[in-house]
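Participant: Below you will find the structure I want to go over with you.
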Amino acid sequence: MADEPLFDPSLKKRKKKTVAFTEDPLGPEADPTAPAPETIESTTVNGDAVDLGPTTAHEAMKAGEDDEFKAMFGDLKKKKKKKEIPLDLGEDSGSSTPTTAPAAAAAAGEVPQITSDDLDFSDMKKKKKSSKKKAAFDLEAFEKELNDSKKESSEGKTKTKTEEDEDEDDIPVDTSHLDIVDEFELGDNPFSRPDAPIGVDAGTEAWLSSDRDYTYPELLTRFYASLHAANPALLSASSKRYTIAPPSIHKEGNKKTIFANVTDICRKMHRQPEHVIQFLFSEMGTTGSVDGAGRLVIKGRFQQKQVENVLRRYIVEYVTCKTCKSLDTLLTKENRIFFMACESCGSRRSVNAIKSGFQAQVGKRSKNKTG
Amino acid sequence: MSVQNLNTFDPFAEEGDPLAGAQDVGSQADYIHIRIQQRNGRKTLTTLQGLPKQYDPKKLLKAFKKEFACNGTLVDDEKMGQVIQLQGDQRSKISAFLTENGIEKSTIKVHGF
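Going down the list, the protein sequences come from chains A and B. Under numbering that gives the first Met the number 0, the first residue of the first sequence is numbered 0, with each subsequent residue one higher. Under numbering that gives the first Met the number 0, the first residue of the second sequence is numbered 0, with each subsequent residue one higher.
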């Protein structure tokens, strides 16, 4: 969530259906190891076992909050599917061997699919219906897996020894987790944890068995791979994406436009519709009303793109937290001033009142007579 | 010797509305606002409001009209002061023109869709 806050234009082009608020363009082609560093980098200098205490606790907390934004993750499912395929390949080849699954290799080198393989083992056994994805974040599916994996945990005990060995190197990362994530992880592969012999290294990388000194990048990739394989929530927490359904704009007659899902959008942004509507009207220099079905009738002809642009500006100004760029904020009014309180970082700041500027005389003057 | 508690100032007194006197709380007075308004059909109107005092709106309007090849007028509004109105969507052109002539881009706010 460090960089570009909203609406990546390139992303938007790719999927027309959803307005993508992307904190981090974690596309299908994105490297799962890449997006995280801003938050964790400092701790990884020594490469291996890292105490992620505060950061991950924070992220874990965020992950919990994310729950309600689940609805916004409209397009995430597709990506999960893509991630899933390589993992299945690895599973077909028997145990969690270093056989390279092409896509995963492309994603993060050889390291990830080893760790992800064995970690995802319990999931993959269930007909790939629900997928475990490093990048994606879907608590619903997560819980489903959790239940499934519990059922199969006894089976899992019979898995080959090597997998358990490899699981071992995820332990330091796992245990450093505190909240929800930890619970999920425990539920996810309960079998591998107790059996894992501590201190045995997963000797599956090519460079791991060689005598030479390990290079820093190698260790770093390995660390991130195992980290993200073990904690999918971590990655998605650092690169959250918010999608809000695009405004559905219809024409009514020749001079009016209907904005049908305004209440929906307001709910997703946690804003009062009145506030949003006021902003829309003052920005677009027009007027309108809300009809019986909760739709907004705007005077004038507007296209979806135009309304979207205005909404974006609203989000930048009144929804995103200026401190942490989170969209998880609340707007309250005190003493005639609006204050925006961030739910994720706790900051509070006042925001400008919506002021409509000069309205020029449009149309017949006789119609506009007041009084 | 002064005892703080014996001061005449009552810290628990009602303060009233802290913003009662401040008219310009959250004011956007220092911005130049460029807005657009729809007219009938494809026609639009661009308004420029909040021009700093040191610029002569009349001369600016003249320059705008010549540069953008559009008509325009100067409107006196009791609240907003003098507002330049131009025919058509000239928002990006106005903002480019103003920045070229030495007005900070950060003081210009372009509104509209």
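Ideal Cβ positions, reconstructed from N, Cα and C, are used throughout, including at glycine. Nothing here was measured: the structure is a model prediction, and the numbers come from that model.
Please report how far the alpha carbon of Leu207/A lies from the alpha carbon of Tyr213/A, in whole angstroms.
Facilitator: Taking the straight line joining both Cα atoms gives about 8 Å.
Participant: Does Phe112/B have its Cβ less than 9 Å from a Cβ in chain A?
Facilitator: Interface residue, yes.
Participant: Quick one: does Val275/A have its CB under 9 Å from some CB of chain B?
Facilitator: No, Val275/A lies away from the interface with chain B (no Cβ there is under 9 Å from its Cβ).
Participant: The region 276 to 287 of chain A: which residues have C-beta closer than 9 Å to a C-beta of chain B, in chain order?
Facilitator: Those residues of the region 276 to 287 of chain A that come within reach of chain B (Cβ to Cβ, closer than 9 Å) are Ser281, Glu282, Met283, Gly284, Thr285.
Participant: Could you name each continuous beta strand (DSSP E) segment of 3 residues or more that falls completely within the region 31 to 62 of chain B, going from the start of the chain to the end?
Facilitator: Correct list: 31 to 37, 43 to 48.
Participant: Does any CB atom of chain A fall closer than 9 Å to the CB of Thr98/B?
Facilitator: Output row for Thr98/B: interface = no.
Participant: Is Lys133/A helix, strand or coil by DSSP?
Facilitator: Low per-residue confidence applies at Lys133/A: pLDDT is 42, beneath 50, and the placement is therefore not dependable, though the value from the model is reported in the following sentence. The answer is coil: DSSP assigns Lys133/A none of H, G, I, E or B.
Participant: Quick one, which residues of the region 25 to 49 of chain B are near chain A if we go by CB-CB under 7 Å, in chain order?
Facilitator: Listed in sequence order: Gly25, Gln27, His32, Arg34, Ile35, Gln36, Gln37, Arg38, Leu44, Thr46, Gln48.
Participant: Does chain B have any CB closer than 9 Å to the CB of Ala359/A?
Facilitator: Judged by the 9 Å Cβ criterion, Ala359/A is in contact with chain B.
Participant: To the nearest angstrom, how far is it from the Cα of Pro101/A to the Cα of Ala228/A?
Facilitator: Residue placement at Pro101/A is poorly supported in this model, since its pLDDT is 42, which falls under 50; the coordinates are not used for a value here.
Participant: Give the C-beta separation of Ile33/B and Ile102/B to the nearest angstrom, bearing in mind that I take them to be a contact with Cβ-Cβ under 8 Å.
Facilitator: Wrong, their Cβ atoms sit about 11 Å apart, outside the cutoff.
Participant: Taking Ser375/A as the reference, which of Phe11/B, Asn39/B, Gln48/B has the closest Cα?
Facilitator: The structure shown does not extend to residue 375/A, since chain A spans only 0 to 370, so no value can be given for it.
Participant: Any chance the region 278 to 285 of chain A sits against the region 302 to 321 of chain A, with 3 or more Cβ pairs inside 8 Å?
Facilitator: Counting Cβ pairs under 8 Å, three or more are found: they touch.
Participant: When you compare each of Gln89/B, Lys92/B, Met79/B to Ala30/B by their alpha carbons, which one comes out closest?
Facilitator: The question names Ala, but residue 30/B is Tyr in the sequence shown. Closest by alpha carbon: Met79/B.
Participant: Give me, in chain order, the residues of the same chain whose beta-carbon lies closer than 8 Å to that of Leu73/B; leave out the 5 immediate sequence neighbours on both sides.
Facilitator: Around Leu73/B: Pro56, Lys57, Leu60, Gln81, Val82, Ile83, Gln84.
Participant: Spatial neighbours of Glu66/B within its chain, please: C-beta separation below 8 Å, excluding the five flanking residues on both sides.
Facilitator: The answer, listed in chain order, is Lys92, Phe96.
Participant: Name, please, each residue of chain B whose Cβ falls closer than 7 Å to the Cβ of Arg347/A.
Facilitator: The contacting residues do not exist; Arg347/A stays about 15 Å from chain B at best.
Participant: Can you tell me whether DSSP reads Ile336/A as helix, strand or coil?
Facilitator: Note: Ile336/A maps to strand in three-state DSSP.
Participant: Considering only C-alpha positions, which residue in the set Ser346/A, Thr319/A, Lys298/A is nearest to Arg38/B?
Facilitator: Comparing Cα positions, the closest option is Lys298/A.
Participant: Which of helix, strand or coil does DSSP assign to Leu326/A?
Facilitator: Coil.
Participant: Starting from Asp75/B, follow its DSSP beta bridges and name the residues at the other end.
Facilitator: Partner(s): Gln81/B.
Participant: Using only alpha-carbon positions, find the residue among Ala340/A, Leu295/A, Lys254/A that is nearest to Thr322/A.
Facilitator: Nearest of Ala340/A, Leu295/A, Lys254/A to Thr322/A, Cα basis: Ala340/A.
Participant: Taking only the alpha-carbon atoms, compute the straight-line gap between Phe54/B and Thr328/A and give it to the nearest angstrom.
Facilitator: In the sequence as displayed, the identity of residue 54/B is Tyr instead of Phe. Their Cα atoms are separated by approximately 40 Å.
Participant: In whole angstroms, what is the alpha-carbon distance linking Thr331/A and Asn351/A?
Facilitator: Those two C-alpha atoms are separated by around 12 Å.
Participant: So is Ala68/B buried or exposed if we call it buried at 16+ other beta carbons inside 10 Å?
Facilitator: By the 10 Å Cβ count, Ala68/B comes out exposed.
Participant: For Gly284/A and Ile35/B, which I take to be in contact (beta-carbon distance under 8 Å), what is that distance rounded to the nearest angstrom?
Facilitator: With 8 Å as the limit, Gly284/A and Ile35/B qualify as a contact, their Cβ atoms being about 6 Å apart.
Participant: Could you name the residues of the same chain whose beta carbon sits closer than 6 Å to that of Val296/A, not counting the 5 residues immediately before and after it, in chain order?
Facilitator: So the qualifying residues of the chain are Lys255, Ile257, Gly287, Ser288, Asp290.
Participant: Arg211/A by DSSP, collapsed to three states: which one?
Facilitator: Looking at Arg211/A - three-state DSSP - the assignment turns out to be coil, as it is neither helix nor strand.
Participant: Hey, quick one: how far does the alpha helix (DSSP H) through Val261/A stretch, first residue to last?
Facilitator: Segment 261 to 268, the alpha helix (DSSP H) holding Val261/A.
Participant: Between the Cα of Lys304/A and the Cα atoms of Ala244/A, His274/A, Lys324/A, Asp263/A, which residue gives the shortest distance?
Facilitator: With distances taken between Cα atoms, Lys304/A lies closest to Ala244/A.
Participant: Please identify the residue among Glu77/B, Glu99/B, Thr98/B whose C-alpha is closest to the C-alpha of Tyr359/A.
Facilitator: What sits at residue 359/A in the sequence shown is Ala, not Tyr. If we check each option's Cα against that of Ala359/A, Glu77/B comes out closest.
Participant: Pick helix, strand or coil for Ser105/B, following the three-state DSSP scheme.
Facilitator: If DSSP states are grouped into helix, strand and coil, Ser105/B belongs with the helices.
Participant: Would Thr46/B pass as a contact of Phe301/A if the rule is Cβ separation under 9 Å?
Facilitator: No. Outside cutoff.
Participant: For Pro216/A, does the count of other Cβ atoms within 10 angstroms reach 16, so buried, or fall short, so exposed?
Facilitator: By the 10 Å Cβ count, Pro216/A comes out exposed.
Participant: Any beta carbon from chain B within less than 9 Å of Gln458/A's own beta carbon?
Facilitator: What is shown of chain A runs 0 to 370, which leaves residue 458/A out entirely.
Participant: In chain B, which residues lie less than 7 Å from Asn308/A when you measure between Cβ atoms?
Facilitator: Chain B residues near Asn308/A: Phe112.
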